[in-house]
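Peer 1: Note that this note's numbering numbers the sequence shown so that position 12 is 12, with each residue one more than the last. We put the CB at the ideal spot given by N, CA and C, even for glycine. Before I ask anything, let me first share the structure, which is written out below as structure tokens.
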Amino acid sequence: MKSCKIFVFTLFQLLFSQLIFSQNIVVDDTFSATQLVQNVLLNNSGCATSANAAVTGDNFSPGEQSYGKFTYSGTDFPFSSGVVLSTSRAHRTAGPNTDLISEGSTSWLGDSDLEQALSISGTINATSLEFDFTPLTSQISFDYIFASEEYHDAAPCTYSDGFAFLLKVAGSTTPYQNLALIPNTTIPVKVTSVHPDIPGSCVAENETYFGSYNGTASPINLNGQTVKMTAKSNVIPGTTYHIKLVIADEQNYKYDSAIFLGGGSFDVGTNLGPNRLIATNNALCTGETYVLTANEAGINTYKWFKNGVLQTETSSSYLVSSSGIYSVEITLGNTICTASGSVTIEYSNPPVLASPVTLVQCDDNNDGISTFNLTKLDAIIKQGATGLSAVTYYQNQNDATNQNNPVLNPTSFQNTTTNSLIARVTNSNGCPAFATVLLQIANNVLPVINTITKCDDDGTFDGITSIDLATLVTPQITSGLPSGLIVEYYNTINDAVIQNNTLSNNFTNTTANNQILYARIVNGPDCYGIIPVTLQIVTFNVADFNDQTVYLCAGSSINLAVAIGFNSYLWSTGAILPSITTNATGNYTVTITNSYGCVATKKFIVAGSSEPTITAIEISDFSENENSVLITVSGSGVYEYSLNGTNFQDSPFFSNVLIGQYTFVVRDKNGCGTANQTIEVLDYPIFFTPNGDGINDKWQIKNLNSNDITSIFDRFGKLIYTFNGTDFGWNGLLNSNQMPATDYWFVTTLETGKIVKGHFSLKR
């Protein structure tokens, strides 16, 4: 960036100023538009006529234009003379590169044609040179360099002035064609489209066409430039064209740019067609011929050259059969115009293929017909070469040569009667080579594989388990076979033949207990053979090996046993029989091994339990139908409770118990015994009617024991009557006299010591 350039003049610089000046371009801005076109660009060539030349720019002051002719006598710039068009004063573009060109004004207008051609807006400070010309030949071209102060820091990632070389038929309304493009693209040449990599900001863009960043000794006073580039276009001889060469600042006048057009490089020549190069993938193929045509209207004289050496051919066409740089000089009729054209022709050798190659496939039914995956030969045929086309297969050489009837599904080709094919491969230039492919059916002797057993050792005993085929099966297949073979596994024989749906070596069977797989033995691309493999999953009865909890009753022993008939048993106690007897609680395991060596383990959890002991029964009675009973027991078991031995429940509490006699039963759920006790649930009547009708004639409490005593009192506390559980109760008399109808009170003392008090009514 030249935002600040400091001049340090030394005695050395002063002494050699003339030498330095002579190595910079010199700009003369006094030339007219016609002079710039006819005398500089066309260099008075007789191959085209020009007219209507016009130049547009800015006149900073008398004698200071934004355009002019430049000359150069050094070796660091590709043009010795030419035309310069700038967005600043033209003479400011002359080196050395010691100060920043960043001048202009908003009153210096832009160019609408340029904006339309580049799809931009806001151009200012435009300079253009335009003229009409009529070519005598079929092609025009001219050389140029684009240079700019915007080649600094990260500016190329974002900012660029614009320029274009605009061509159209004179007087037509068709849009201009821009010739200032990156070769073989439609991308305009700009700072943003041609620059090297700028680390941390943006990657390189078309770096091939970037010339250099310019130091202070540069012959031009601009920060950077492209390489010498050539703009060209086909034209129609005798047709008048209008061309406009234009450059402008974009958005603002800062950081100016310029285009340098090579003097005399506006060449009106002939088009021999594009270069045919290996690098651009359009070279000719070995053995191919190519006709160059330089037809120009009229009776002309033709001279053909190969690598600069004059050839004997004098017609308008030349037959090429070898690499070289071919050029032609055409003297047009009786004119002074000598048109020229050149083209570079290269030849590309066809790829070197492996041939013949053989592909061996297995046959699922021994009929000699099978399905081949031809693509397995692709890499072998190419011998590892890169940059080649895909391999295409044909059933005969004629089809392969003419690219007719290719094999449409090379991954699944059925040979039928065809036992050989032709493979075609081209390089990047389209040059073909051919290889012979031989198809064979495998007939190798394969081993007989016994049933492969695998223990169902994942603990589920469902006949489904993971099998490492590479470890368990493959060694049995390859034993005795040649080394280097690879084994693949498939669910069906058809999949094995066409290598479809290859199974993982870490395989989990999908059919419980028994499953058949097909092993494909592979030798490189070839099938060595296919054999069935029977898998047997050895499992156990899952119910026999579930963890089991058993209960040991206090003071007893228990027998722990598993099924008989296995090869070995090993208990955690060290016992080696199918069963053991123990009188201690705890965890016990037994590991069994069957005849296949499969192992299973069963766990017994021995828990303690005991017979229940009833320690208390709490009866809440004399409550009509809301009586309840709570039983308290002791013991280490898990108990359940019942009234009269039916309908057991987990709770020791019974509610809503009717009056009566009950045998309460408590039992251990784990079978370690029961306990029972008979109880009475009591209640008393709230009145009685001693009128001799046989209904409620006596007041009594049912279900009393013989030792239970009941005393009856009147409301004054006088003892009226006393009876025990065997008595029939009170008849309402005292000393044979009827007691009055009123309320009476009672006190019942049970043999358990419980005292119940209440009152009732005597009704008459």
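(1) Suppose you measure from the CA of P78 to the CA of G224; what does that come to, to the nearest Å?
(2) Pick from T492, V666, S634 and S342: whose alpha carbon is nearest that of K306?
(3) Taking just the CA atoms, how far does S389 sit from F142?
(4) With distances taken from CA atoms, which of E611, I120, S61 and I124 is nearest W108?
(5) Here's a check: name, in chain order, each residue in its chain whose Cβ is nearer than 7 angstroms to the Cβ of Y213, leaving out the five neighbours to either side.
(6) Applying the criterion that 16 or more other CB atoms from any shown protein chain within 10 Å of the CB defines a buried residue, is N178 buried or exposed?
(7) Looking at V657: is its Cβ nearer than 9 angstroms to the Cβ of S642?
(8) Excluding five sequence neighbours on each side, which residues of the same chain lie with their C-beta closer than 8 angstroms to the C-beta of S466?
(9) Is V756 helix, strand or coil by DSSP?
(10) Could you give the DSSP three-state label for R424: helix, strand or coil?
(11) Put F21 into one of helix, strand or coil per three-state DSSP.
(12) Which two residues bound the contiguous alpha helix (DSSP H) that contains Q397?
(13) Near V550, what residues of its chain come up, given a Cβ to Cβ distance below 8 angstroms and the 5 sequence neighbours on each side ignored?
(14) Closest by CA to S428, which one among I498, N275, C285 and F60?
(15) Might you give, ordered along the chain, the residues of its own chain that have their beta carbon closer than 8 angstroms to the beta carbon of L734, omitting 5 neighbours on each side?
(16) Under a Cβ-count criterion, where at least 16 other Cβ atoms within 10 Å of its own Cβ denotes burial, should P199 be classed as buried or exposed?
(17) Note down, in chain order, each residue of its chain lying with its Cβ closer than 8 angstroms to the Cβ of P196, except the 5 sequence neighbours on either side.
(18) Rounded to whole angstroms, what's the CA-CA distance from P532 to I449? Just pull it up for me.
(19) By DSSP, does L15 sit in helix, in strand, or in coil?
(20) Whole angstroms is fine: what's the gap from G324's alpha carbon to N275's?
(21) In the structure shown, what three-state DSSP assignment does I720 receive?
(22) Going by beta-carbon coordinates alone, are L41 and G82 separated by less than 9 angstroms?
(23) Which residue from Q38, H91, C47 and T75 puts its Cα closest to that of S61?
(24) For S22, which residues of its own chain have a beta-carbon under 8 angstroms away from its beta-carbon, when the five flanking residues on both sides are left out?
(25) I'd like the span of the beta strand (DSSP E) that includes L85, first residue to last.
(26) Where are the beta strand (DSSP E) runs, 3 residues long or more, that stay fully inside the stretch 262 to 291, in chain order?
(27) Provide the residue span of the alpha helix (DSSP H) that contains A379, from first to last.
(28) Any idea what DSSP makes of A435, helix, strand or coil?
(29) Mind checking V445: buried by the 16 CB within 10 Å criterion, or exposed?
(30) Grab me the residues of A423's own chain with a C-beta within less than 6 angstroms of its C-beta, minus the 5 sequence neighbours each way, in chain order.
(31) Mind reading off the beta-carbon distance from E611 to C672? Whole number of angstroms is fine, and I expect it under 8 angstroms.
(32) Spatial neighbours of N349 within its chain, please: C-beta separation below 6 angstroms, excluding the five flanking residues on both sides.
(33) Whose CA, out of F260, A354 and Y596, lies closest to the CA of Q383?
(34) Extract the residue ranges of the beta strand (DSSP E) inside the stretch 69 to 146, only unbroken runs of 3 or more that lie entirely within it.
(35) Please report how far the alpha carbon of T192 lies from the alpha carbon of S45, in whole angstroms.
(36) Under 8 angstroms by Cβ, that's how I've got L167 and Y253 pegged, so tell me the actual separation to the nearest angstrom.
Peer 2: Put simply:
(1) In this structure, the alpha-carbon of P78 lies about 14 angstroms from that of G224.
(2) Out of T492, V666, S634 and S342, S342 has the C-alpha closest to the C-alpha of K306.
(3) 38 angstroms
(4) I124
(5) Y151, N223 and G224
(6) buried
(7) Going by C-beta atoms, V657 is not nearer than 9 angstroms to S642.
(8) D458, N506, F507 and T508
(9) strand
(10) strand
(11) The pLDDT assigned to F21 is 42, lower than 50, so where the model puts this residue is not dependable, and the model offers no usable value.
(12) Q397 to N402
(13) I558, L560, F604, I605, V606 and A607
(14) C285
(15) I720 and Y721, listed in sequence order.
(16) exposed
(17) Within its own chain, the residues whose Cβ lies closer than 8 angstroms to the Cβ of P196, once the five positions on either side in sequence are excluded, are A204, E207 and F210, listed in chain order.
(18) So the alpha carbons of these two residues sit roughly 8 angstroms apart.
(19) Residue placement at L15 is poorly supported in this model, since its pLDDT is 35, which falls under 50; the coordinates are not used for a value here.
(20) 11 angstroms
(21) strand
(22) yes
(23) H91
(24) At S22, the pLDDT of 45 sits below 50, so the modelled position is not reliable; the number obtained from the coordinates is stated separately. Counting only Cβ-Cβ distances below 8 angstroms, and skipping sequence neighbours, we find S73 and G74.
(25) L85 -> beta strand (DSSP E) spans S81 to S86.
(26) Listed in chain order, they are 267 to 269.
(27) D378 to K382
(28) Strand.
(29) exposed
(30) I381, V391, Y393, A435 and V437
(31) 5 angstroms
(32) T286
(33) A354
(34) Unbroken beta strand (DSSP E) runs of no fewer than 3 residues, entirely contained in the stretch 69 to 146, are found at 81 to 86 and 123 to 135, following chain order.
(35) 35 angstroms
(36) Contact between L167 and Y253 is absent: CB atoms are separated by about 28 angstroms, not below the 8 angstroms threshold.
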